[in-house]
Structure formats: structure tokens, C-alpha cells
Amino acid sequence: MHPQVLLKNRKPDRITTLEEYREGGGYEAMVRALKDETHQSIQDILMDAGLLGRGGAAFPMGQKLSTVLENAPYPRYVVCNADEMEPGTFKDRVMIHADPHQLIEGMVIAGCAMGAAHGLIFIRPEYENAARILSREVENARQAGFLGKAIMHTGFDFDIVVHRSGGRYICGEGTAILNALEGKRPNPRKPPPFPTFKGLWQLPTLVQNVETLCCVPHVIQNGADWFRSLALTPEGAGTKIFSISGRVRRPGCYELPMGIKLSEIIEDYAGGMCEGSEFKACLPGGTSTQFMPASMYHAVMDFKSLEDAGYRLGTGAIIVFDQNTCLVGATLNMIAFFVRESCGWCTPCREGLPYIRDLLQRIENGQGEPAFVDRLKEMCDHLPRAYCAFAPGAAAPVESLLEHFADEVNEHIEKKACPFKSS
Amino acid sequence: MLPSAVKTELERRIAEADHPKELVVDVMMACQAAYGYLSDEAVAIAAGMLDMTPLEIEELATFYNYIYREPVGRYVIHICDSVVCWMEGYIPLRDYLCQTLGIEMGETTPDGRFTLLPACCLGYCDRAPAMMVNKRVYGFLTPEKIDAIIDELSSEE
Numbered sequence: 000m001h002p003q004v005l006l007k008n009r010k011p012d013r014i015t016t017l018e019e020y021r022e023g024g025g026y027e028a029m030v031r032a033l034k035d036e037t038h039q040s041i042q043d044i045l046m047d048a049g050l051l052g053r054g055g056a057a058f059p060m061g062q063k064l065s066t067v068l069e070n071a072p073y074p075r076y077v078v079c080n081a082d083e084m085e086p087g088t089f090k091d092r093v094m095i096h097a098d099p100h101q102l103i104e105g106m107v108i109a110g111c112a113m114g115a116a117h118g119l120i121f122i123r124p125e126y127e128n129a130a131r132i133l134s135r136e137v138e139n140a141r142q143a144g145f146l147g148k149a150i151m152h153t154g155f156d157f158d159i160v161v162h163r164s165g166g167r168y169i170c171g172e173g174t175a176i177l178n179a180l181e182g183k184r185p186n187p188r189k190p191p192p193f194p195t196f197k198g199l200w201q202l203p204t205l206v207q208n209v210e211t212l213c214c215v216p217h218v219i220q221n222g223a224d225w226f227r228s229l230a231l232t233p234e235g236a237g238t239k240i241f242s243i244s245g246r247v248r249r250p251g252c253y254e255l256p257m258g259i260k261l262s263e264i265i266e267d268y269a270g271g272m273c274e275g276s277e278f279k280a281c282l283p284g285g286t287s288t289q290f291m292p293a294s295m296y297h298a299v300m301d302f303k304s305l306e307d308a309g310y311r312l313g314t315g316a317i318i319v320f321d322q323n324t325c326l327v328g329a330t331l332n333m334i335a336f337f338v339r340e341s342c343g344w345c346t347p348c349r350e351g352l353p354y355i356r357d358l359l360q361r362i363e364n365g366q367g368e369p370a371f372v373d374r375l376k377e378m379c380d381h382l383p384r385a386y387c388a389f390a391p392g393a394a395a396p397v398e399s400l401l402e403h404f405a406d407e408v409n410e411h412i413e414k415k416a417c418p419f420k421s422s
Numbered sequence: 000m001l002p003s004a005v006k007t008e009l010e011r012r013i014a015e016a017d018h019p020k021e022l023v024v025d026v027m028m029a030c031q032a033a034y035g036y037l038s039d040e041a042v043a044i045a046a047g048m049l050d051m052t053p054l055e056i057e058e059l060a061t062f063y064n065y066i067y068r069e070p071v072g073r074y075v076i077h078i079c080d081s082v083v084c085w086m087e088g089y090i091p092l093r094d095y096l097c098q099t100l101g102i103e104m105g106e107t108t109p110d111g112r113f114t115l116l117p118a119c120c121l122g123y124c125d126r127a128p129a130m131m132v133n134k135r136v137y138g139f140l141t142p143e144k145i146d147a148i149i150d151e152l153s154s155e156e
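See the structure below:
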């Protein structure tokens with residue numbers, strides 16, 4: 000059993016209460032940070048710890064905080080991105096249901112590190128239970144003096160509101176979330192200026208994912224070296240909540256060290272492949288990452304190692320496909336998702352993604368032609384010109400399908416039918 | 000008409016907010032709950048309360064997946080069609096739901112009980128295939144489980 004940090008208080012049937020969280024040392028890091036640390040020292044610890052954003056972008060949290068200028072205007076904001084709408088990803092829901100005060104404490108410390116007094120948790124409609132839990136526990140924390148005015152007699156004010164989304168994947172993009180919170184149409188913004196300079200209401204705003212913020216109290220409590228030592232590789236830092244689904248026996252969330260091997264996650268934690276299934280491919284971090292073929296079965300799962308191998312860890316949401324699953328059909332499904340959930344702001348996304356979907360649909364239906372493959376590649380090449388990272392993310396499974404599973408695509412075209420349906 | 004208690008509560012929250020527009024989704028949702036969907040009248044009311052134009056409300060209402068600009072049934076079933084649910088049997092379950100309810104995707108039963116809509120990932124991939132009814136999620140779906148859920152909802156009235 001690897002060390003459990005973020006899920007150490009997880010119970011099979013209920014959330015961890017405020018009292019239980021405190022018994023395990025909860026809110027100690029926050030009180031110490033508010034009393035003894037400065038903006039700079041908290042940023043330094045997070046930087047030294049190598050805490051990278053767990054929402055998919057993997058940007059160092061300490062570095063992001065350091066871009067908040069000392070003389071920047073007030074009020075400043077901490078936004079928790081609990082939108083988590085990428086297919087395959089459900090770790091934030093599990094974390095909120097397991098131990099919500101960890102997130103609340105992380106937000107207060109993040110607020111302390113940048114002089115913010117306001118926290119907002121932006122949460123998707125499908126997570127209504129989690130939103131209710133958070134609303135209740137925020138109130139409990141307020142009653143206990145961990146939120147509100149002059150927290151624990153430190154003179155530091157910080158409070159949190161739970162903000163429900165109307166539901167759309169693009170709202171979870173790092174700048175679209177700001178427009179959503181302001182009551183505008185949630186198209187992404189084009190940085191610069193970055194949100195830490197001009198974010199919510201044009202004021203300094205830190206946007207972080209649930210898992211990232213949950214790491215913060217533990218880093219402050221135990222130190223940067225401890226956090227780095229949790230990982231199995233020098234390039235990694237901390238643990239990672241891997242949410243695994245698809246053709247495995249025990250889909251679910253597992254907290255494992257950064258740098259663990261994919262094969263170990265599947266075999267030792269997810270119970271191995273389902274009866275009769277053989278590993279064909281997986282998406283390592285949600286649907287905006289590339290298919291990893293069987294040759295990557297023993298891949299080292301940390302941000303740097305996967306990047307060096309030409310892949311992205313993304314959110315760490317592993318979706319496993321077996322030999323009976325048509326990857327053209329799977330990719331078509333994912334592109335249909337991206338088409339539906341795009342904000343439609345810019346042409347590569349609005350026009351390019353439906354065109355890719357139609358080409359894949361025709362291949363899947365047995366109406367594909369050899370020229371479609373080159374056209375798909377050409378369209379994917381256009382997508383990085385889009386306004387935000389949505390379209391390049393959507394291209395990732397398509398590009399890797401063409402690269403690693405060209406035979407499967409060609410078989411559809413040559414047989415003029417989906418081989419998985421006819422067999 | 001928006002019930003006066005709902006209107007009063009929304010007006011209180013709007014008056015207390017530093018930036019009233021950040022409540023627009025909550026206001027639309029509350030109006031939707033009162034009218035059953037976001038009717039034209041509800042659009043006008045939401046716009047008036049937030050000092051926005053009906054067009055501004057309209058562009059948000061048509062953007063969000065859970066704001067309905069057309070009437071829906073008392074139970075809105077969102078069946079998840081994300082890649083994990085697709086892999087775990089979404090298509091036969093969707094067909095079973097359509098057959099059981101006697102409607103196509105996007106339609107409402109003639110008795111006004113059920114509306115069937117697709118949902119992108121519900122975030123319950125560990126319990127695929129899944130669907131959500133009025134924000135309550137059901138996982139590990141089978142035809143038998145769908146029958147039981149529909150029966151239970153039907154008997155609630």
C-alpha cells in the first residue's frame with residue numbers, strides 16, 4: 000500500500016466530518032500559515048515542492064502565485080475549478096465526497112499566499128450532491144472560525160461561496176470560467192493579461208483545480224522535501240489521484256505515487272483487465288490526451304516522463320480500451336463530445352471539429368476513402384490555431400488514432416464496414 | 000408567474016451581491032424551476048431582475064446544457080453518452096429507454112412525465128453506464144434497473 004495523503008480519510012459510505020478532519024491534523028497547516036508564513040514563503044514552499052496543476056495543464060502552482068504582483072489591486076480571488084467535465088475524469092467528485100475540508104483549507108492557504116479574501120468554488124450541475132456537501136461544510140467551517148472575518152484571530156479574512164454552473168465543458172477552461180462567474184457567455188479569454196494579473200472582474204485571480212488545492216495543506220504541513228519524496232521518480236512530486244475506467248475489473252479512484260507504472264495501476268489496483276479483455280490502448284488523462292498503445296503498457300506515469308515519451312498525463316483519468324473496442328468508434332464518440340461542448344467562438348473549433356467528426360463517421364459507417372486519412376491529418380494540423388486549448392485537446396485522440404492505429408482505420412476503409420460490428 | 004417567495008429571495012440575494020450578474024445562472028434555474036422551463040416570460044423576468052437585456056439572458060440560456068428553453072417533462076432523464084458509457088453499453092440502453100418511454104431522444108412523453116436528453120460525461124465513469132434524473136445520478140444501469148427507476152418515479156406522483 001502506497002502512502003495515502005489526499006484520500007487518507009476516505010470512508011466507504013460517508014464524508015469526513017470537520018471534527019474527524021481536525022483530529023487528523025486538519026487546519027493546523029492553515030493556522031500556522033496564517034500566523035507564521037508570508038505570501039512569499041508559502042509561494043516558495045509550493046514552488047520547491049514542485050506542485051503542478053492537477054487539472055490537466057500541469058502549470059506549477061507556486062510559479063502562478065508568484066505572478067501576482069505585490070502592489071496589485073484588491074480584492075483578489077481564489078477560484079476553485081470543480082467543473083471536471085472531461086469524459087473519464089471523476090477524481091474531484093470523489094475527493095469532495097471523501098474529505099471536503101481539505102479543499103476548504105487549501106483555498107484559505109492559497110488566499111493567504113496572494114492576499115485574497117474571496118474564494119469561489121465553480122461546480123458543475125452533475126455534481127449537485129458535491130455542491131450541497133460543500134455548501135454545508137463551508138458553513139460548518141465558518142461556524143468553527145476557519146472561514147470568515149479574522150480567521151483564528153489572525154486578522155486574515157477569507158470566505159468561500161459555492162457557485163453552480165449551468166453546465167458546459169468549456170466552462171472549465173481556465174479563463175472561460177471567469178466569464179462564466181461574471182455572468183457572461185463563457186467563451187475563453189485570450190491571455191495576456193493572465194488571470195493572476197487581470198482575472199475575475201479584472202482583478203488578480205488564482206484559478207486552480209480541486210486536487211491541486213487539496214495538496215496545499217499537506218505541502219505546507221509537511222514541507223517541500225516530503226512532498227517530493229512521495230513520488231517514485233525524481234521528476235515527479237506528490238501523489239496523484241488516478242481515476243481509472245473502461246475495460247478493467249475495478250474502475251475507481253486510486254491515490255498512488257507520481258511515477259508509478261501504468262501496468263501496476265491496472266493490475267494491482269484496478270484489478271486487471273475484465274474477463275476476456277486484453278489491453279489494446281488507453282487514454283492516460285481524459286479524452287484530450289493521446290491514445291497510448293500496448294507498447295506503452297509499462298509507461299511511467301508522471302508529467303515529465305510522459306511528456307518525454309510524447310504523451311500527456313492530463314488529469315490522470317485513465318480510460319482503458321480492449322481488443323474488442325473499435326477505436327474509430329471511440330474516437331468518433333469523443334469528437335462528438337467536443338463538437339457538442341465547444342463554445343463555437345473560433346473557426347478551427349466551430350468548423351474544424353464537425354468536419355473531423357463527419358470524416359470519422361463516414362469511415363465508421365463504411366463510406367470512408369483513403370484520402371480521408373490525409374484530410375483528417377490536415378484538419379488536425381489546423382486546430383492548434385484555435386483561440387484556446389480546447390481544439391488541440393480534441394485533436395489529440397484523432398492524431399494518435401492515425402499514428403498508432405492506422406491499420407484499424409485502413410481496415411474500416413478497405414472493408415467498407417466497421418470490422419468490430421461485422422465480426 | 001414567479002412565486003412571490005422565490006422572487007423575494009432572489010431579490011434579496013441580488014441586493015446583497017457585489018456583482019449581481021454572477022447570480023444569473025441561479026436566477027435562470029430558479030425561474031426554470033417555477034415555470035418548468037425557461038419560458039419567454041421567465042427570460043424577461045430574469046433580465047429585469049438583473050438589469051440585463053432579454054437577449055443577454057437568451058445567449059446564456061441557449062449556451063448552458065441544463066437551461067431548457069422549451070417545455071420539458073417533470074422528470075428530465077439525461078443519459079450519459081461519453082466514451083466510457085458508450086463502451087459499457089450506452090447505445091442498447093438508450094434504445095431501451097426510448098422503447099420503454101415510447102419517445103425518441105429529445106422528446107417528452109405525451110403525459111408530460113419524462114423528457115429524454117443526452118448528456119456528455121456525468122462524471123460517474125466508475126459506475127458506467129449512467130444516467131441522471133433531475134440531478135440524481137444512477138449508475139451500473141441495466142434494462143432491469145431502468146424499469147425499476149421508471150416504475151419508482153411513476154409511482155411518486
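Residue numbers (numbering that gives the first Met the number 0), protein chains in the order written: chain A, 0 to 422; chain B, 0 to 156.
Just so it is clear, CB atoms sit at the ideal spot from N, CA and C, and this is done for glycine as well.
No experiment lies behind these values; they were computed from the predicted model shown.
The shortest CA-to-CA distance from Leu146(A) to any of Tyr26(A), Ile41(A), Arg248(A) is the one to Tyr26(A). Nearest in C-alpha terms to His38(A), of all of Gly61(A), Glu266(A), Glu85(A), Cys348(A), is Gly61(A).
For a cut-off of 8 Å, the C-beta gap from Ser242(A) to Gly315(A) is around 7 Å, short enough to register as a contact. For Val5(B), there are no C-beta contacts with chain A under 9 Å, since the nearest C-beta of that chain is about 16 Å from it. Not a single C-beta of chain A is nearer than 7 Å to the C-beta of Ile148(B).
For Ile102(B), not one C-beta of chain A is nearer than 7 Å to its own C-beta. Taking a beta-carbon distance threshold of 7 Å, Met130(B) does not count as an interface residue toward chain A. For the options Thr195(A), Pro418(A), Ala230(A), Asp47(A), the alpha carbon positioned closest to that of Lys63(A) is the one of Thr195(A). Comparing alpha carbon positions, the residue from Arg131(A), Leu133(A), Asp158(A), Val67(A) closest to Gly144(A) is Asp158(A). In this model, Trp200(A) and Leu133(A) are separated by some 24 Å (Cα to Cα). Residue range 238-245 is occupied by the beta strand (DSSP E) that includes Ser242(A).
For the pair Leu6(A) and Glu254(A), the CB atoms are nearer than the 7 Å cut-off. Using a Cβ-Cβ cut-off of 7 Å, Glu266(A) does not count as an interface residue toward chain B, since no Cβ of chain B sits closer than that to its own. Annotation: Asn208(A) to Glu368(A) spans about 42 Å, alpha carbon to alpha carbon. A Cβ-Cβ distance of about 21 Å is found for the pair Phe89(A) and Ala179(A), leaving them out of contact under the 8 Å criterion. In this model, Gly87(A) and Ser244(A) are separated by some 7 Å (Cα to Cα). When the alpha-carbon of Gln3(A) is set against those of Lys239(A), Phe371(A), Gly351(A), Pro418(A), the nearest one is in Lys239(A). Of all residues in the region 72-89 of chain A, only Pro74, Glu83, Met84, Glu85, Pro86, Gly87, Thr88, Phe89 place a beta-carbon less than 9 Å from a beta-carbon of chain B.
Taken through DSSP and simplified to helix, strand or coil, Gly118(A) comes out as strand. A direct Cα-Cα distance of roughly 29 Å separates Gly285(A) from Ser65(A). For Ala29(B) and Glu138(A), the gap between their C-alpha atoms comes out near 22 Å. Using a Cβ-Cβ distance cut-off of 8 Å, the region 247-262 of chain A and the region 285-297 of chain A are in contact, since at least three pairs of beta carbons, one from each stretch, lie closer than that value. Chain-ordered, the chain A residues with CB closer than 8 Å to the CB of Ala127(B) read Ser244, Pro250. For the options Ile265(A), Glu181(A), Leu205(A), Gly171(A), the alpha carbon positioned closest to that of Ile108(A) is the one of Leu205(A).
Counting along the chain, no beta strand (DSSP E) covers Arg135(A); the unbroken alpha helix (DSSP H) around it starts and ends at 127-142. Looking from the CA of Thr16(A), the closest CA among Gln101(A), Val93(A), Pro59(A) belongs to Gln101(A). Taking 7 Å as the CB threshold, Glu136(A) stays off the interface with chain B. The alpha-carbon separation between Ile334(A) and Ile103(A) amounts to approximately 35 Å. The three-state secondary structure of Ile318(A), taken from DSSP, is strand.
Remark: C-beta atoms of Pro128(B) and Glu87(B) approach each other more closely than 7 Å. In the DSSP annotation of this structure, the continuous segment of the beta strand (DSSP E) that includes Glu254(A) starts and ends at 251-256. The C-alpha of Asn221(A) is placed about 25 Å away from the C-alpha of Asn80(A). In this structure, the CA atom of Tyr63(B) is about 16 Å from the CA atom of Gly105(B). Judged by DSSP secondary structure, His100(A) falls outside any beta strand (DSSP E) and instead within the alpha helix (DSSP H) spanning 99-113.
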